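**Q** Note that the sequence shown covers residues 420 to 743 in this note's numbering. Every residue, glycine too, gets a C-beta built ideally from N, C-alpha and C. Just so we're clear, the structure is a prediction, and the values are computed from it rather than from any experiment. Let me begin by handing over the structure; questions about it come next.
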Amino acid sequence: MTKIKKISIIVPVYNVEKYLDQCITSIINQSMKELEIILVNDGSTDNSLQICNKYKALDERIMVLDKKNGGLSDARNYGLKYANAEFIGFVDSDDYIDSKFYERLYEGLQNDGVYVAVSSIKRVDDFEDVLYISKYKADGIITNSVAMKSMLTAKGISNSVCNKLFYKKLFDENLFPVGKLYEDEYITYRVVDLSPKIYITSSTAYYYRVNKNGITERKFTERELDRIEASLIRVNYLKNSHYDLVDDGIRYLMYDCLTTLSKMDKYDHKYDKIILNNIRLSLRTYMRGHSSRGAKGFAVVSAISPRLSILMFKTIFKVLMEKK
Numbered sequence: 420m421t422k423i424k425k426i427s428i429i430v431p432v433y434n435v436e437k438y439l440d441q442c443i444t445s446i447i448n449q450s451m452k453e454l455e456i457i458l459v460n461d462g463s464t465d466n467s468l469q470i471c472n473k474y475k476a477l478d479e480r481i482m483v484l485d486k487k488n489g490g491l492s493d494a495r496n497y498g499l500k501y502a503n504a505e506f507i508g509f510v511d512s513d514d515y516i517d518s519k520f521y522e523r524l525y526e527g528l529q530n531d532g533v534y535v536a537v538s539s540i541k542r543v544d545d546f547e548d549v550l551y552i553s554k555y556k557a558d559g560i561i562t563n564s565v566a567m568k569s570m571l572t573a574k575g576i577s578n579s580v581c582n583k584l585f586y587k588k589l590f591d592e593n594l595f596p597v598g599k600l601y602e603d604e605y606i607t608y609r610v611v612d613l614s615p616k617i618y619i620t621s622s623t624a625y626y627y628r629v630n631k632n633g634i635t636e637r638k639f640t641e642r643e644l645d646r647i648e649a650s651l652i653r654v655n656y657l658k659n660s661h662y663d664l665v666d667d668g669i670r671y672l673m674y675d676c677l678t679t680l681s682k683m684d685k686y687d688h689k690y691d692k693i694i695l696n697n698i699r700l701s702l703r704t705y706m707r708g709h710s711s712r713g714a715k716g717f718a719v720v721s722a723i724s725p726r727l728s729i730l731m732f733k734t735i736f737k738v739l740m741e742k743k
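Here's what the structure looks like:
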């Protein structure tokens with residue numbers, strides 16, 4: 420008799436043969452066994468598909484879907500079509516999870532009005548050294564308004580979908596934006612806002628691998644502007660649903676503008692409309708926030724001369740690297 424699957428886990432896979440065994444093994448070895456594991460091969464050109472099929476032959480809970488390359492959002496959306504469980508989770512194929520990750524989050528979702536559960540994140544390198552841990556002061560249940568505010572702070576709840584467990588129905592009308600970078604920035608807050616209450620815990624963790632060939636390693640392209648676009652959309656959303664958080668959203672927009680500037684080698688005035696204009700519009704609100712003097716100074720310089728701010732960032736970064 421086939422056991423009822425409580426959680427569907429979607430794993431988009433693209434050219435990650437180096438990390439895939441660890442990722443899949445961490446899911447197979449979960450203390451919670453009632454899982455449906457959906458591996459979506461997104462047109463890999465290495466041995467990733469063969470690795471997926473190897474584990475499929477070993478574990479009947481695994482489903483392997485093979486499709487043409489369409490990007491992370493497209494792979495997640497494709498997996499959602501095949502997910503059969505009441506709850507849904509996402510794991511990136513170069514990351515891994517604690518053995519009780521889904522058991523703890525599932526327990527949190529048994530509380531009334533809780534449709535989203537959130538764990539801490541441990542950022543690790545290829546040697547599995549922990550570089551940073553995002554923890555919450557206490558395990559418990561918070562309102563969606565508190566969660567939304569936390570997601571707009573640097574050390575608050577992550578905007579990633581990967582350290583969370585959701586009721587699948589929340590994604591019925593909230594699919595990932597195909598063709599966009601920073602896809603979670605477009606959707607996670609909307610899904611969280613649909614849950615009256617949010618369960619948070621630091622008793623388990625999602626291990627996010629940094630220094631990989633991902634966003635942090637990419638050279639600047641115009642697609643990096645998706646990050647700012649997502650922030651602008653969120654500010655407009657907050658104006659209609661959480662007006663008290665609009666200032667927080669504007670400060671987050673400023674942060675995204677400055678982060679995007681810091682990735683550039685040089686500034687082109689064709690970006691004025693989406694970068695410079697938004698920095699200037701956000702400046703007054705940003706200066707009222709709790710950012711450091713250095714961050715505020717960088718914001719002011721950026722509002723006057725984006726080119727100078729890029730030069731400042733590169734100079735400071737070079738000095739810091741030479742001190743290491």
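Please classify threonine 635: does DSSP put it in a helix, a strand, or coil?
**A** Reliability of the predicted coordinates at threonine 635 is poor, the pLDDT of 39 falling under 50, and the value obtained from them is presented with this limitation in mind. Helix, per DSSP.
**Q** Taking isoleucine 443 as the reference, give the member of Val510, Tyr501, Ile423 with the closest Cα.
**A** For the residues Val510, Tyr501, Ile423, the minimum Cα distance to isoleucine 443 belongs to Val510.
**Q** From methionine 706 to leucine 524, what distance separates their C-alpha atoms?
**A** 37 Å
**Q** Is asparagine 578 closer than 7 Å to tyrosine 625 when the C-beta atoms are compared?
**A** no
**Q** Whole angstroms is fine: what's the gap from proline 725's alpha carbon to valine 459's?
**A** One alpha carbon belongs to proline 725, the other to valine 459, and they sit about 41 Å apart.
**Q** Skipping 5 residues on each side, what residues in its chain have a beta carbon closer than 8 Å to that of lysine 389?
**A** Any property of residue 389 remains undetermined from this structure, which presents the chain solely from 420 to 743.
**Q** Going along the chain, which unbroken runs of the beta strand (DSSP E) with 3 or more residues stay wholly within the region 538 to 586?
**A** 549 to 553, 559 to 562, 583 to 586
**Q** Do isoleucine 606 and methionine 593 count as a contact pair if the criterion is CB distance below 7 Å?
**A** Looking at the sequence provided, one finds asparagine at residue 593 rather than methionine. Cβ distance < 7 Å, so asparagine 593 and isoleucine 606 count as in contact.
**Q** Using the DSSP secondary-structure output, state which residues sit across from glutamate 455 in a beta bridge.
**A** Bridge partners of glutamate 455: Ser427.
**Q** For isoleucine 507 and phenylalanine 639, which I take to be in contact (beta-carbon distance under 8 Å), what is that distance rounded to the nearest angstrom?
**A** Going by Cβ atoms, the distance from isoleucine 507 to phenylalanine 639 rounds to 33 Å, so no, they are not a contact pair.
**Q** Count the other CB atoms within 10 Å of the CB of serine 614; is the residue buried (16 or more) or exposed (fewer)?
**A** buried
**Q** Spatial neighbours of tyrosine 671 within its chain, please: C-beta separation below 7 Å, excluding the five flanking residues on both sides.
**A** Leu571, Ser650
**Q** Flag this pair as yes or no: are the beta carbons of asparagine 434 and aspartate 465 separated by less than 7 Å?
**A** Yes, Cβ-Cβ distance for asparagine 434 and aspartate 465 is below 7 Å.
**Q** Quick one: is aspartate 513 buried, meaning 16 or more other Cβ sit within 10 Å of its Cβ, or exposed?
**A** The residue in question, aspartate 513, is buried, as its Cβ has 16 or more Cβ neighbours within 10 Å.
**Q** In the DSSP assignment, what residue or residues form a beta bridge with phenylalanine 590?
**A** None; phenylalanine 590 has no bridge partner.
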